[in-house]
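Taking it in order: structure first as structure tokens, then the write-up.
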Amino acid sequence: MQWIRQQAARPILLILFGLAFVYSQFSIAIILEAANATELLLTLQTTFEVESFTQRLAQADAGQLAAIGEHFEWDAYHPIWYGAFSLCLGALLLNLNGIDSQWNGLLWLAPAMAAADVVENALHVFMLTGDIEVSAVAVFTAGLSATIKWMIVGLYSLTMLALIIRWLSLAQRD
């Protein structure tokens, strides 16, 4: 992991993956907001019960369902961009703070959140296209994957914020 940390800590990679992440995020937001589908997507992501999932789908209009489907065209790559950006940010901040390599395991959270998102997205796409049945197992697994993703995103974001604050306070002392 030390080699990955050193490679990922390059500012140019942080910038490139950051730009791809922001562009992708805005593109997804524009698609969902244009059809008033953001709330629907977030509800589907965090639903654990098949009845709630199918009820929300039944209540959605054709434009919302089309936007959900269209957003997956971007969301197929989105975990790559934010996962790589998060890895680069974490690696750079660990280096800037002079943090020992024993903390490199923290960087595994970046691909873990992206992997959870891929599982969630795949299950939602397969259920929405009819490739798999909308079942209790599929809905629960997708909801669990989304919840794990959002928990990791929150934990990682707070950790990165703490590392930024630490770096700024160290820089201020010098």
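Each number in our numbering comes from the position in the sequence shown (counting from 1) with 1324 added on. No residue lacks a Cβ here, since even glycine has one placed at the ideal position from N, Cα and C. Note that the structure is predicted; figures quoted are calculated from it, not measured.
Q.
Within 8 Å, do at least three Cβ pairs link the region 1423-1432 to the region 1460-1474?
A. no
field: Chain-order list of residues whose beta-carbon lies under 6 Å from that of D1441 (same chain, five-residue window excluded)
entry: P1403, K1473
- Query: Exposed or buried, what is N1445 when buried is set at 16 or more other beta-carbons lying within 10 Å of its beta-carbon?
  - Reply: buried
Note to self: For M1451, report the span of its alpha helix (DSSP H) as first-last.
What the structure shows: 1433-1453
Hey, would you say F1464 sits closer than 8 Å to F1372, going by beta carbons? yes
With 16 other Cβ atoms within 10 Å as the buried cut-off, status of S1410
buried
request  = Return the CA-CA distance between S1376 and V1461, expressed in angstroms with no decimal places.
outcome  = 13 Å
In whole angstroms, give me the CA-to-CA distance for G1393 and R1380.
15 Å
- Count the other CB atoms, across all protein chains shown, that sit within 10 Å of the CB of Q1388; report buried if there are 16 or more and exposed otherwise. buried
Are the CB atoms of V1443 and G1378 within a distance shorter than 8 Å? With the sequence shown as reference, residue 1378 is identified as Thr, and Gly is not the correct amino acid for it. Cβ atoms of T1378 and V1443: not closer than 8 Å.
| message | I believe A1391 touches A1359 by the beta-carbon criterion, under 8 Å. Please report the beta-carbon distance rounded to the nearest angstrom. | response | 3 Å
Query raised in the report: What's the gap between the Cα of L1366 and the Cα of D1498?
Result: 44 Å
message = I'd like to know whether the C-beta atoms of F1345 and W1398 end up nearer to each other than 8 Å.
response = no
Item checked: Alpha-carbon spacing of C1412 relative to M1475, whole angstroms -> 19 Å
**Report entry** Uninterrupted alpha helix (DSSP H) stretches inside the region 1372-1441 (no shorter than 4 residues)
**Finding:** 1374-1383, 1386-1399, 1402-1420
Which of the three DSSP states is assigned to T1471 in this structure? helix
Report the option in G1407, I1339, S1351 whose CA atom is closest to the CA atom of S1481.
G1407
Quiz prompt | N-terminal and C-terminal residue of the alpha helix (DSSP H) that T1362 is part of | solution = 1362-1369
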